[in-house]
Amino acid sequence: MTPSGLFHGFVEVGSNDGEKYDHLSSMIHAGGWGGIMVEPVPYVFERLRQNYGDTPGVILENVAIADRDSRLPFYHLAQLDEQEKGAVPDWYDGIGSFVLETIMDHRDKIPDLERRVVRTEVPCVTFQTLCAKNGVKRVDLILIDTEGFDWEVIKNIDFALHRPRLLVYEHFHLSSEVRGECRRYVESLGYETMEEGFDTFCLDVRIVDDLTRFWRRLRPAVAGQSAETENTAAQESA
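See below:
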């Protein structure tokens, strides 16, 4: 997505195991990146720890990001037995939310979903607490993938304290109303936005540099592709 060498300090909220469908994996493994990877589901976090526990500069947090420091019920799917893995989608263990109905929205892809749902009380911290605990003063990149909770995370970030150059969040599970509200809010903070696939990319373009120039070249092409994709999806669902 971006030229190399422009981002180094990151916070990733909803890291899963840090490998599957992860935007940052290749850059982190290439070296030179430091940041925090957040994953609340215990057994998924254990895989994240196995993948990144020895990676220099990477901090792993087995917490959820919320609007307060607390312990809150979090819904996710039970760990699979080895023989079950071929019978469910490969994104199975990426399903997790504070909202049960968000989990149940996947029942068409996993028919026995209800029996697999687990309610776990997880430690929760605010974004500010996460950064303060780990001595983070500057964040270049914030990446959020929280199965429909992205807007709640974003509106509780103090952008006066932690203003990333690039913010990426998943809009796919947001309602059209919330999707629009979230995007307008981010734009009101001075970011330019564009949607690509399941995600919305938000760039602070106040600095005119290589990244801004790259963004300005890329943005019209991505906007055209997104419009074409949405039109195709609308025609297929009609």
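In my numbering, the protein residues as written are -7 to 230. Even glycine gets a Cβ: it sits at the ideal position worked out from N, Cα and C.
- [ ] Spatial neighbours of E184 within its chain, please: CB distance less than 6 Å, with the 5 preceding and 5 following residues excluded, ordered by chain position.
- [x] For the purposes of this step, residue 184 is identified with residue 192 of the sequence shown, where counting begins at 1. So the list reads L195 and V197, once near-sequence residues are dropped.
*If you draw a straight line from the C-alpha of L153 to the C-alpha of Y35, how long is it?*
The sequence position of residue 153 within the sequence shown is 161, counting from 1. The sequence position of residue 35 within the sequence shown is 43, counting from 1. Using only the alpha carbons, I get a separation of about 32 Å.
Query raised in the report: So Y35 is in the alpha helix (DSSP H); what residue range does that whole segment cover?
Result: Taking the sequence shown and counting its residues from 1, the one referred to as residue 35 is at position 43. Unbroken alpha helix (DSSP H) run through Y35: P34 to Y44.
Query raised in the report: When you compare each of L69, A58, P48 and D82 to V30 by their alpha carbons, which one comes out closest?
Result: Mapped onto the sequence shown, residue 30 falls at position 38. Residue A58 is the option with its Cα nearest to V30.
| request: Return the first residue and the last residue of the alpha helix (DSSP H) that T121 is part of. | output: Translated into positions along the sequence shown, residue 121 becomes position 129. Here the alpha helix (DSSP H) through T121 covers F119 to K125.
#### Entry: Of the residues D201, F190, R176 and L72, the one placed nearest D104, counting alpha carbons only
Counting from 1 along the sequence shown, the entry for residue 104 is found at position 112. Ranking the options by Cα distance to D104, first place goes to L72.
Is the separation between the beta-carbon of E113 and that of R60 shorter than 8 Å? As a first step, residue 113 must be located in the sequence shown, where it is residue number 121. As a first step, residue 60 must be located in the sequence shown, where it is residue number 68. Their beta carbons are not under 8 Å apart, which means E113 does not touch R60 by this criterion.
- Count the other CB atoms within 10 Å of the CB of Y13; is the residue buried (16 or more) or exposed (fewer)? By 1-based counting over the sequence shown, the position of residue 13 is 21. Exposed is the call here.
* With a 10 Å radius around its C-beta and 16 neighbouring C-beta atoms as the bar for buried, classify V55 as buried or exposed. => Here residue 55 refers to the residue found at position 63 of the sequence shown. Label assigned to V55: buried.
- Message: Suppose contacts are defined by Cβ-Cβ distances below 8 Å. Is L135 in contact with E53 by that definition?
- Response: Residue numbering aside, residue 135 sits at position 143 when the sequence shown is read from its first letter. Residue numbering aside, residue 53 sits at position 61 when the sequence shown is read from its first letter. In this structure, E53 does not lie closer than 8 Å to L135 by Cβ.
How would you write the range of the alpha helix (DSSP H) that P144 sits in, first residue to last? For the purposes of this step, residue 144 is taken as residue 152 along the sequence shown, with counting starting at 1. In the sequence as presented, Pro is not what sits at residue 144; that position holds Glu. Its alpha helix (DSSP H) spans residues D142 to K147.
Margin query: By alpha-carbon positions, which one of S168, E93, H98 and H165 ends up nearest to F66?
Written below: By one-based count along the sequence shown, residue 66 stands at place 74. Closest option to F66, Cα to Cα, is E93.
8 Å Cβ shell around G140 - same chain, five flanking residues per side excluded: In the sequence shown, counting from the first residue as 1, residue 140 sits at position 148. Only S89, V91, T94, H165 and L166 meet the Cβ criterion.
- Message: In chain order, what are the residue ranges of uninterrupted beta strand (DSSP E) at least 3 long that sit wholly in the segment 85 to 139?
- Response: 109 to 117 and 133 to 136
Contacting residues, own chain, Cβ-Cβ under 6 Å from I149 (five flanking each side not counted): Within the sequence shown, residue 149 is the residue found at index 157, counting from 1. So the list reads F119, once near-sequence residues are dropped.
Note down the Cα distance separating R155 from N126, rounded to an integer number of angstroms.
As a working note, residue 155 is residue 163 in the sequence shown. As a working note, residue 126 is residue 134 in the sequence shown. Roughly 17 Å separates the two Cα atoms.
message = For the alpha helix (DSSP H) containing I199, name the first residue and the last one.
response = As a first step, residue 199 must be located in the sequence shown, where it is residue number 207. Looking at the DSSP string, I199 is not in any alpha helix (DSSP H), and its letter there is neither H nor E.
| field | Endpoints, beta strand (DSSP E) assigned at H68 | value | By one-based count along the sequence shown, residue 68 stands at place 76. Counting along the chain, the beta strand (DSSP E) containing H68 begins and ends at S62 to L69.
Mind checking G27: buried by the 16 CB within 10 Å criterion, or exposed? Indexing the sequence shown from 1 puts residue 27 at position 35. The residue in question, G27, is buried, as its Cβ has 16 or more Cβ neighbours within 10 Å.
Which of the three DSSP states, helix, strand or coil, is assigned to L210?
Against the sequence shown, residue 210 aligns to sequence position 218. Here L210 sits in helix by DSSP.
Checklist entry - What's the call for E76, buried or exposed, on a 16-neighbour Cβ count within 10 Å? => result As a position in the sequence shown, residue 76 is number 84, starting the count at 1. By the neighbour-count rule (16 or more Cβ atoms within 10 Å), E76 is not buried but exposed.
**Message:** Please report the straight-line C-alpha distance between Y84 and V160, rounded to a whole angstrom.
**Reply:** Numbered from 1 along the sequence shown, position 92 holds the residue referred to as residue 84. Numbered from 1 along the sequence shown, position 168 holds the residue referred to as residue 160. Going by C-alpha positions, Y84 is about 22 Å away from V160.
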